[in-house]
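Q:
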Amino acid sequence: MTLNKDIDMDKIDKVQISGTIKQKYNIIMDNRYIMEEVIVPIAKALKLPVEDVVDIFVKRYDGAGLYETHALSEQARMGCLGRKVDIDLGLCWICDFFDLIDKEEADLIRKKVVEETVLYKKPYKEALEMGRKVLIELLINGKSEELKRWAKERNNCD
């Protein structure tokens, strides 16, 4: 089988590329979760128009990767919230620099606050206050019954 010499492969490539770009825009624009959970929050954080953020994702992701962004947004939300907990409770100071509690205890407090907020929809301030109380008890007494209970719960889930 030989190729017809009249076929313009460059033209076909341009049509394919154009179609792929349109598909990528459609993946984003037609998916409410990608828009609400990925595009809009990034646009707000960077103070960019939504269209500019969409363009960035279209340029940097293939079609399959665009579908994965919704799942990645869940991981990002939990990771970023964990960093906020570290800052709000001073865990980076208390654990990482002054060694007043060990890393496992700090991780458990951070994870519990994030879990309560993201998975169980507890208001962040409430979950943070719960973490603060456990942290203070741990600092003052060197132990926390609540922290032990959390550790046991976590071990039962693993």
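In this note's numbering, each residue's number is its place in the sequence shown (first place is 1) plus 6. Backbone N, C-alpha and C fix where the C-beta goes; we use that ideal spot for every residue, glycine too.
1) Does the beta carbon of P47 fall short of 8 Å from some heavy atom of the ligand MN?
2) Tell me the rounded alpha-carbon separation between T123 and D113.
3) State the start and end residues of the unbroken alpha helix (DSSP H) segment that holds W156.
4) Count Cβ pairs between the stretch 133-147 and the stretch 104-121 that sit closer than 8 Å; are there 3 or more?
5) Candidates C86, Q29, R38, Y31: which alpha carbon is nearest A51's?
6) Rank R83, I93, G148 by C-alpha distance to the C-alpha of E42 and give the top, closest one.
7) Can you give me the C-alpha to C-alpha distance between D102 and E111, rounded to a whole angstrom?
8) Is D36 helix, strand or coil when you go by DSSP?
A: On the basis of the coordinates in this document:
1) This structure lacks the ligand MN; in fact it carries no ligand of any kind.
2) Inter-residue distance for T123 and D113 is about 15 Å (C-alpha atoms, whole angstroms).
3) For W156, the uninterrupted alpha helix (DSSP H) segment begins and ends at 151-163.
4) Put simply, the stretch 133-147 touches the stretch 104-121. At least three CB pairs are less than 8 Å apart.
5) C86
6) R83
7) Those two C-alpha atoms are separated by around 12 Å.
8) coil
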